[in-house]
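This report concerns only the one structure given below.
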Amino acid sequence: MSLKKFFTGGQSMMDMTAGSPYRLIVLFSLPLLVGNVFQQLYNMVDSIVVGNWIGEKALAAVGTGFPIIFMMSSLFMGIGMGATVMISQFYGAKDFERLRNTISTIYKAMLIGAIPLTLIGVFTSEPLLRLMQVPDDGTLEMAKIYMIVVFAGMIGNLGFNINAGILQGFGDSRTSLLFLLIACIINIALDLLFTIVLGLGVMGVALATVIGQISSWLFGIWFINRRYRDLVHISLRGMRFDQTLFWQAIRLGIPSGIQQALFSIGIMFMQSLVNSYGSAFMAGFNGANKIDTFAFMPIQSFATAITTYTGQNVGAGNQHRVREGVRAGLILSVATCLAVGALLYPLSGLMMRMFSQSQPVIDAGVSYLHSVLPFYMLLAAFFIYSSVLRGAGEMIVPMIASFVSLWLARIPAAYLIAEIWGRDYIFFSYAAGWLPGVLAAGIYYYTGRWKKKSLARRAETSPDVSP
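If you read the sequence shown in the working numbering, its first letter stands for residue 1, the second for the next number, and so on.
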């Protein structure tokens with residue numbers, strides 16, 4: 001199949017209310033996986049360019065700002081998650097009027113909310129970095145520059161994720177791949193230009209990221225309006241705002257937003273512990289995080305597929321199919337974890353050399369990877385159970401499970417392990433946190449209470465669309 005036909009030919013939307021769950025989950029996940037690879041690829045290129053052409057302090061600086069950026073945007077991303085669940089359930093119920101109004105409402109809220117988010121991020125970057133104990137040896141200044149530029153262009157990141165959420169609600173995971181491909185190509189090209197040719201340092205890396213995301217977001221609006229013009233039209237003019245739907249998205253999204261915010265703050269505590277061991281250990285941790293994110297992408301893709309699969313089937317009244325989907329998701333995820341762990345564990349040291357030739361940096365990264373890879377199956381199960389609950393409209397339980405996992409288990413375990421056994425063992429705290437998270441989300445799932453959370457009613461007729 002040609003690239004043009006892949007993106008423009010045939011039907012991109014996927015009805016997940018009929019057919020083999022294994023087939024549907026895999027077909028939906030594959031474009032997400034390829035897209036995540038592209039997304040992580042340009043993040044990894046950022047780190048490779050920074051680590052090899054600017055230095056280990058710059059590598060530490062670029063990585064250390066991520067939890068702050070994620071924390072600041074988590075509320076909006078949570079509301080976007082709520083909107084995605086609503087879109088998938090309305091699509092499954094063939095309620096296209098509320099589907100359109102949800103998209104218009106969430107877009108208008110995003111455009112307005114991006115302004116205070118940007119201002120807060122720009123003015124609080126340095127105080128938050130100091131709170132995280134970022135070393136003031138040049139690392140702090142570079143981290144501050146990187147974060148200010150990224151926050152200034154935050155609307156591109158928010159808009160891109162809203163577009164992706166809309167498409168995922170439709171059952172279209174293919175088109176988001178095109179958006180990511182555009183962002184990836186622009187980002188890598190500008191990385192090399194701004195950093196190596198023009199010598200802009202971490203500012204060049206941040207500018208490349210922002211320009212790539214904004215370009216991809218704007219292209220996404222044009223593409224959605226062209227491809228799905230009979231279903232939705234995104235426009236700044238005449239954009240409706242439905243308060244009922246907005247508060248419904250808030251109700252669904254706030255728990256997810258709080259979960260992500262608490263997660264980000266928790267990661268800041270974890271990053272602060274890592275930062276206390278110096279720039280080399282920070283750089284190793286941040287480099288290994290890029291590899292870790294790459295390794296877990298298949299599971300993340302399966303989990304996203306499960307959310308849409310659950311949302312459509314709950315919306316269509318096919319709740320009996322949800323258990324089949326969860327079983328398929330778990331089997332696919334566990335098998336993938338075993339394969340990924342067996343491949344990456346012996347290659348950890350070699351892969352860390354992509355980011356730095358410094359042995360302390362490599363050793364820190366290997367310590368991280370060898371601590372988390374053997375326990376990936378726990379995190380996979382945690383993701384699958386949490387995703388099916390979100391798809392059904394149950395947002396509170398995943399938030400509680402995440403809180404227990406991070407705040408009551410992982411962070412206390414990390415500081416305790418550091419005190420008793422030293423820094424090289426602190427990353428075993430990840431598995432110590434994943435286990436109670438799996439138990440909390442899994443036990444609730446098997447109670448079946450999520451079946452009462454449906455937002456949509458199956459429409460008898462489709463008003464004006466044949467998607």
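A virtual CB, placed ideally from N, CA and C, is assigned to each residue, including glycine.
Quick caveat: nothing in here was measured; it's all calculated off a predicted structure.
Looking at the backbone, the Cα of Ser216 and that of Gly422 are separated by about 44 Å.
Here DSSP, grouped into helix, strand and coil, assigns Pro255 to helix. The criterion of a C-beta distance shorter than 8 Å is not satisfied by Met239 and Lys452. Around the C-beta of Ile162, 16 or more other C-beta atoms lie within 10 Å, and the residue is accordingly described as buried. A contact between stretches requires three or more CB pairs, one per stretch, nearer than 8 Å, and the region 147-159 fails this requirement with the region 191-200.
Going by DSSP, Asp363 is part of the alpha helix (DSSP H) stretching over 359-372.
Its Cα nearest to that of Gly35, the residue Leu177 stands out among Phe223, Asp363, Leu177.
With respect to Val388, Val438 sits apart: the two C-beta atoms are not nearer than 8 Å. By the neighbour-count criterion, in which 16 or more other beta carbons inside 10 Å mark a residue as buried, Ala18 falls on the exposed side.
Under the three-state reduction of DSSP output, Val232 falls in the coil class, being neither helix nor strand. By the Cβ neighbour-count rule, Gln248 is buried, with 16 or more other Cβ atoms within 10 Å of its own.
By the CB criterion at 8 Å, Phe76 and Met110 fall inside the cutoff. Between Val404 and Pro360, the gap from beta carbon to beta carbon reaches 8 Å or more.
Under the three-state reduction of DSSP, Pro135 is assigned to coil, being neither helix nor strand. Counting along the chain, the unbroken alpha helix (DSSP H) around Leu338 starts and ends at 320-344. About 35 Å separates the beta carbons of Asn101 and Leu332, which is beyond the 8 Å limit, so they are not a contact pair. Note on geometry: alpha-carbon atoms of Ile155 and Tyr22 lie some 36 Å from one another. The DSSP assignment places complete alpha helix (DSSP H) segments of no fewer than 4 residues inside the region 158-210 at 175-191, in order along the chain.
Three or more Cβ pairs drawn from the region 82-100 and the region 386-401 lie within less than 8 Å of each other, which places the two stretches in contact. The Cβ atoms of Phe427 and Gln300 do not sit closer than 8 Å to each other.
By the Cβ rule, the region 343-358 counts as touching the region 282-299, because three or more pairs are nearer than 8 Å. By the 16-neighbour rule on beta-carbons within 10 angstroms, Asn313 is buried. For the pair Gly266 and Ala409, the Cα-to-Cα distance works out to about 11 Å.
Assignment of Phe241 by DSSP, reduced to helix, strand and coil, places it in the coil class. In the three-state scheme derived from DSSP, where H, G and I count as helix and E and B as strand, Glu394 is classed as coil.
Assigned with DSSP and collapsed to three states, Trp217 falls in helix. Straight across, the Cα-Cα distance linking Ser47 with Ala328 is about 35 Å. One Cα belongs to Leu41, the other to Thr209, and the distance between them is close to 12 Å. Under a 10 Å Cβ-count criterion, Thr175 is classified as buried, with 16 or more other Cβ atoms of the shown protein chains found around its own Cβ.
Membership of Trp434 in the alpha helix (DSSP H) is indicated by the continuous run 429-447. When only Cα atoms are considered, Leu379 and Gly341 end up about 13 Å apart. In terms of CA proximity to Ile69, Lys144 leads the group Lys144, Leu24, Gln133, Tyr376.
Leu140 is not a Cβ neighbour of Leu131, given a cutoff of 8 Å.
For Arg449, same chain residues with a beta-carbon under 8 Å away, outside a window of 5 residues either side, are Glu394 in chain order.
Straight through space, the alpha carbons of Tyr445 and Arg321 are spaced by roughly 14 Å. Under the DSSP assignment, Ser73 falls in the alpha helix (DSSP H) whose first and last residues are 66-92.
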